[in-house]
Amino acid sequence: IKTIIGGAQIIDMMILVIDCQKGIQTQTAECLVIGEILMDSMIVAINKSDLLPEETRADKLAKVQTGLKKVFSGTKFKEPVMVTTSATGGDVSGLLSALQQAAVIPRRTPDGSFFFAVDHCFPIKGQGTVLTGTVLNGTVRVNDAVELPELRQERKVKSMQMFKQPVKAAVQGDRVGVLVTQLDAKLVERGILCAPGSMPSFSAVIVPVQRVRFYKASCPSKRKYHITLGHTTVLATVQFFTPANKAAPVEASPAAFDYSQEYLSCEELHQTDGDYPLGSQWALIVLDRPVVAPADSLLIGSVLDTDINMNMCRLVFYGRITSVVNAEDKEAMARLRVYKPKEKVGGIKRVVDEDVVIGKDLFKKETDISLFTGLKVTLDGKVPGYIEGSFGSSGQYKVRFSQPHGLAISKKGKGKGKKDDDDDAGEEGGGASGKIILSFKKYLFEPPSGKGRRIQQ
């Protein structure tokens, strides 16, 4: 399946081959997912019909087709053309006819920067090295300078062939072999050939993602997934998030990421539904190593280390890149305003007067309370106030309320050697009952100058 995902970018038309005796298997479902991502129609070939007993073949194939129709009715293909095929004694005229009716010549354009997906590379003694693949964008001509960005090497096109015929130029959609010189074929298996300087390298991207409905396991944030971009598959850590403003309109296929919005961190990626409409779930994907790909590439996330015998779809999510970021640049990452809602609950150490109390159990002794100074709190969720500052050195703090809190003022009494601002000074009989509740936003990405940046909800 890794090879199929890698070749997904060059697929124009799909034939889904299904064993008539086994039906839809794990890899069949995975290929169906790739088809849904890439195209609007397909042909289903029900294969190995010659293995069925002749006397029951027609009835068996009819039952298989009925079952497949139910499966496909829940996909974007709805009612695909289905034909029967076999390697021996079969008639392929039905498949050929379906292909002729379904085939559409895609619209090609020679414009744009040259981008070529390399899927094979081999040397020719005395000539050079041949790179075979598909032109995905732009045009290439003999004597053009081209770049292998992953190797950081430039070469000149010596000659080209298309289906064993020499050609002077190739455009988007053409399948072609490109001959270059002074290139070690062992360094290239699959990869990219492009116009010099046109292909970016990046280590993190922001993508609007959609979960694959066939994937039944949980899809948590902060775990490793296999990310495929073109022919490259690399491990990456993924953080999912969604717009904090649920009332804001959502584009089904957003073309750009809005850095002015605030986003709510998600523990996991959800299936697309009424609560999470198409285009409402995003992912920050931090790659384990930089990759080279177009800045608007289709991206597929998977768990390829899953045991294939588990009969479980390994494709998890997909989407198209909308923004490239530098994960090492903290200032740039801080533009991504993703937060987690936090709540802390403390108690009351002492009631100073009708407006002020000394709080406890909200912070640890080593906490820098100045980071929380000025933030709003409530007493039992009712009386509003704010943290005025720290009190002593044991994680206690002073809270001032905007109205009388109604608590009984503590009797003041200093123990021997105690000062008024000592942590446990001025209290007889223990603190008053009541909960001091602090709610705030904790941002996932903070600038170097904003350590502990928190914003009140």
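Take any residue in the sequence shown, note its place counting from 1, add 11, and you have its number in the working numbering.
Beta carbons: idealized from backbone N, C-alpha and C, even for Gly.
Proximity to Met-210 across Gly-241, His-237, Leu-62 peaks at Gly-241, based on C-alpha coordinates. Take the alpha-carbon of Ile-22 and the one of Ile-16: they are about 10 Å apart. The bridge partners DSSP lists for Asn-58 are Asp-30.
In this structure, the alpha-carbon of Asn-256 lies about 37 Å from that of Leu-418. Its Cα nearest to that of Asp-340, the residue Phe-456 stands out among Cys-324, Lys-355, Glu-278, Phe-456. In the three-state scheme derived from DSSP, where H, G and I count as helix and E and B as strand, Val-75 is classed as helix. Between Leu-190 and Phe-127, the CB-CB gap reaches or exceeds 8 Å. For Asp-372 against Pro-415, the beta-carbon gap comes to about 23 Å, at or over 8 Å, which does not count as contact. Within its own chain, the residues whose Cβ lies closer than 8 Å to the Cβ of Val-223, once the five positions on either side in sequence are excluded, are Val-44, Cys-324, Leu-326, Val-327, Phe-328, Tyr-329, listed in chain order. Residue burial is scored here from C-beta neighbours: Lys-409 has at least 16 other C-beta atoms within 10 angstroms and is therefore classed as buried. In this model, Val-363 and Ile-420 are separated by some 6 Å (Cα to Cα).
In this structure the stretch 136-144 lies against the stretch 185-202, because at least three pairs of beta carbons, one per stretch, are closer than 8 Å. When Gln-292, Val-153, Ser-60, Pro-91 are compared, the shortest CA-CA separation from Val-103 is found for Ser-60. Per DSSP, Lys-13 lies in no beta strand (DSSP E) segment; the continuous alpha helix (DSSP H) that holds it begins and ends at 13-17.
Judged by pairs of C-beta atoms under 8 Å, the stretch 26-38 touches the stretch 49-60, as three or more such pairs exist. At a Cβ-Cβ threshold of 8 Å, Asn-154 and Val-168 count as neighbours.
Per DSSP, reduced to three states, the secondary structure at Asn-256 is coil, with no helix or strand assignment.
Under a 10 Å Cβ-count criterion, Ser-313 is classified as buried, with 16 or more other Cβ atoms of the shown protein chains found around its own Cβ.
The C-alpha of Leu-315 lies about 9 Å from the C-alpha of Ile-12.
Taking one beta carbon from each stretch, the stretch 282-293 and the stretch 261-268 have 3 or more pairs nearer than 8 Å; the two touch. Short of 7 Å from the beta carbon of Thr-333, and not among the five residues preceding or following it, lie these beta carbons of its own chain, in chain order: Ile-217, Val-218, Pro-219, Pro-265, Ala-266, Ala-267, Phe-268. Ile-398 sits close to Phe-383, with the two beta carbons spaced by under 8 Å.
Judged by DSSP in its simplified three-state form, Cys-205 adopts strand. Ala-247 sits close to Ile-238, with the two beta carbons spaced by under 8 Å. Contact annotation: Lys-375 and Gly-406 have beta-carbon atoms nearer than 8 Å. When the five nearest sequence neighbours on each side are left out, the beta carbons in the same chain lying within less than 6 Å of the beta carbon of Val-356 are those of Lys-446, Ile-448, in order along the chain. The Cβ atoms of Leu-298 and Val-245 sit closer than 8 Å to each other. Met-321 carries a helical assignment under DSSP once its states are collapsed to helix, strand and coil. A distance below 8 Å between beta-carbons, with the five flanking residues on each side excluded, links Ala-114 to the following residues of its chain, in chain order: Met-24. In this structure, Ala-294 is the residue among Ser-170, Ala-294, Thr-150, Pro-117 with its C-alpha nearest to the C-alpha of Gln-221. Relative to the Cα of Ser-271, the nearest Cα in the group Pro-64, Leu-347, Lys-353, Gln-32 belongs to Leu-347. Ala-181 and Val-151 have their alpha carbons spaced roughly 5 Å apart. Membership of Thr-145 in any alpha helix (DSSP H) is not indicated; the residue belongs instead to the beta strand (DSSP E) covering 139-148.
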